[in-house]
Structure formats: structure tokens, C-alpha cells
Amino acid sequence: LILLASSGTLLFRVAPLPIAAIKASFAYLNIMPSLHFAMAILALAQQGHGFAPSTIRRGGVATTASSSTISSPSSRQMFTGIIEEMGDVISLETKDDMTLWDGSKGSGTEMVIGGGVVMDGAYLGCSISVNGVCLTATELDFDNNVFKVGLAPETLRKTNLGTYTSESKRKVNLERASEIGGRNSGHFVQGHVDNVGTIIDRWVDENSLFFKISFPYEYMRYVVPKGFIAIDGTSLTVCDVKSEGPEGENWFTFMLVEYTQQKIIVPSKSVGDTVNIEVDVLGKYSAQAWEAFAPKMEALERKVKELEEKVRVLEGDTDVSETVAPSDKAVELGDVVPKDFTSSSQESPESRIPETWVRAEQPTMTAKDLTPERDDRYDPGTEWVRSEQTFYDTNY
């Protein structure tokens, strides 16, 4: 059984079984395996040798939709920014005979890329990061380690992939989608490029290679010193940031250590070249949440300030330097209004004199008031009708 399991020739592919279940099965066959035997079976099952589902890699060209059922691990959904290899752009062409969902024909751009590592475990419809762009594999050639992806118009507008041709002889960064729950040595990279940045300077600092990138101002709010950023799909750390508004300078820097310089395409680029940039998605979500929360927080602060001033007036504080603005006027934080302020709901001049409120003269509640007897709390003879109640407009 161990030999069959390790060779992957067992026909039954089931989930790993508990030790007790394995022992019971062998006991029924009058076989008493040792604990080591059972543990060996479990270890092989966990590795996908015959017992647990595993990725089946087949040679040849996968071009039909039915081939996509070979293997489709749903646990792979995002990227880490740790580049696995540099691939070659074999072709970039625009076709006018692409079949759309309704059977009609349309034009589109396709790119063919060669790469060995990313082909391991690939399947039709899987996601592969190409220079930081999440793209869908539409054709797979396992014999030649080549795959094809489609480039949508939005992809061509937001990224630099449209400049890559077979004549350019330039490579691209490649990464397979990561497995959720696995180790992440980079950060959460969606493969959704925000825009391109332009290299405006580069220099060497001992064994480090620094780059200075110009980036549109609208995205600079998400770029922070020592924060995450994806450059051509590579997870990197921001060093310095300068943001002076739409009309000023907007740039940031990052550096590459010696090892990274040899594994990605960025060092091959010069001043004036572009890079695909994806800012940290967690920063975008945080900014959106704060924008929705901030107005409510400011309104709450204004209301608290208004109530504090009203309490000071009622307590007879003659040193009040700020009073409350009328309720029918928009109140801004820090507003100073006249000292003769009264509630806008009072009309007569006499009523504009605020009543004096002295804390020491107010009635206090006893413990019995706070915890009445059960019979008092549930008095069936007490009825409360909203329409019969009297409401007073009192300047509190």
C-alpha cells in the first residue's frame, strides 16, 4: 500500500483518514499494522500521494475549456509580490476575429509569454501576474512552457504592457497566484495596477540600487515612508516620499538589495522608463473608511462643543468667551458667536434671558429611585399615550 500510494497509482483519492479508522480497517482484514505503518500512510496522504487530491500536471497543449478541469485549486486568489521568474515576451498582437459572449466578433490584444516555473500547476483560467498585472491564462503549451493571456483596453491604458513586443527583447516579472494560508514573504498584492510611474533617477548606495519614481498626485496619499508598494509586481518598501500637490513635485524612492537585483527586471530599466505601480490595498480601504467616518466625527465634535457652552451659560458662568451659534446657521469648529445668543425657538425679548441653573439646587435620585420595586415597575394601571403628552420647549 505504501508503494502504491507513493507512486500515485491508487485509484481511490479520498481525504486523509484518522489513525483509528485505518487500524479498524486493517483489523477487519485480520492485519494488525503498527503505529509507524499508519503514520506512514497518513504522511503520504498529506503529500497527495494517492490519498488526497493533488494537482495533476499533463503535457501537451491545453486549448479547450474542458481542459481547465484538470486542476483548479480555488485557494489561489492573490499574489505576494515575490517574483518567481523572469519570462520572455514571445509575441504581442491585436486580432479582429475574437469571439465575444454573444457570438459576435471583436478586436483584442493577446500576449504570448514563455516561462517555466509558472507553468507548474497552471490550468486554463488560472491567474498569473505579469509585471504586476493579474492576467488570465487562455492557452497553455506545456511542451514549450508557453502561455497566452488577453490584454483588455483598461489594462493597456493603466499599465506598460502595451510597450512590450518580441522585438523589444525585454523580460517580464512572473508570479503564480499564492495559496491562501501559505507563507507570504511580501504583502497582499491584487495584481490591479493603479497607474504607471516614471523613473526620474537611479543611483547606487554600496550594494543597494536606489530608484526615484514620479507618480501622479492622486495616488500619493497612499504612498507612505516604510510602507508597502508593488513595482512591476515586486513587493518593495518605500524609502522617501515627497508630495507637493497637483502642481508640485510628487515622487517616492525605493531600493533593491543585491539578491533582489538579480531576480527582477527593474534593474534593467533606465531613467525615463515606466513601471507598473500598485499601492497597498489596505491603505486604500482605510482611506475610504476614514472619509466616510470623518464628517460624522466632526459633526459630533461640534455638537459636544455646543452642549458644553450651553451648560456653562446655564450654570451662570460670566467668563464664557464663546457662545453657541444659532441652530439655523451652519456651525464650524471654532466659531465664535455673540454673547447674547438665545435659542432660536424663543421669540419674545423676555424669553431670551436664559434661566439660571445651579447644580447644587437640583434634586438628586436615591438608590430606591434607580431600582424601584417590581410592583412599581410593572404597574398595569398606568397607561401612556403619546398624543396626550405635553412637551416643553426649554432652553437647556
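Yeah, the sequence shown ends on 1014 if you go by the working numbering, and it's all consecutive.
Note that CB positions come from ideal geometry on N, CA and C, so glycine has one too.
A check of alpha carbon separations from proline 771 across Glu836, Leu779 and Val884 identifies Leu779 as the nearest. Secondary structure note for arginine 930: its alpha helix (DSSP H) is the uninterrupted segment 899-932.
Three or more beta-carbon pairs drawn from the region 803-818 and the region 845-860 are found closer than 8 Å, and the two stretches are therefore classed as touching. Within the same chain, Cβ atoms closer than 8 Å to the Cβ of glutamate 793 are found at Phe697, Thr698, Gly699, Ile700, Ile701, Glu702, Val736, Ile746, Ser747 and Gly851, the five residues on either side in sequence being excluded.
At the C-beta level, leucine 710 and tyrosine 782 come within 8 Å of one another. Closest in C-alpha terms to valine 822, from the list Met704, Phe872 and Thr717, comes Phe872.
DSSP lists Ser853 and Glu896 as the beta-bridge partner residues of alanine 848. Tyr837 is the residue among Lys776, Tyr837 and Asn813 whose C-alpha sits nearest the C-alpha of alanine 905. Here proline 843 really is in contact with valine 859; their C-beta atoms are around 5 Å apart, less than 8 Å. Secondary-structure assignment with DSSP links arginine 839 through no beta bridge to anything. In the DSSP secondary-structure assignment, arginine 820 is bridged to Phe829. Annotation for glutamate 772: no beta strand (DSSP E) segment contains it, though the alpha helix (DSSP H) segment containing it runs 771-776.
The C-alpha of lysine 914 is placed about 34 Å away from the C-alpha of lysine 776. When DSSP states are grouped into helix, strand and coil, valine 875 belongs to the coil group. In the same chain as alanine 848, and ignoring 5 residues on each side of it, the C-beta atoms closer than 6 Å to its own belong to Gly699, Gly750, Val807 and Glu896, in chain order. Beta-carbon to beta-carbon, valine 767 and leucine 758 are separated by about 11 Å, too far to satisfy the 8 Å threshold. Residue pairing from DSSP leaves arginine 801 without any beta-bridge partner. Bridge partners of serine 747 according to DSSP: Cys752 and Glu793. Isoleucine 731 is bridged by DSSP to Val707 and Phe765.
In the structure shown, the three-state DSSP call for glycine 780 is helix. Serine 861 sits in a strand when the DSSP states are folded into three classes. In the DSSP assignment, tryptophan 869 forms a beta bridge with Ser832 and Lys860.
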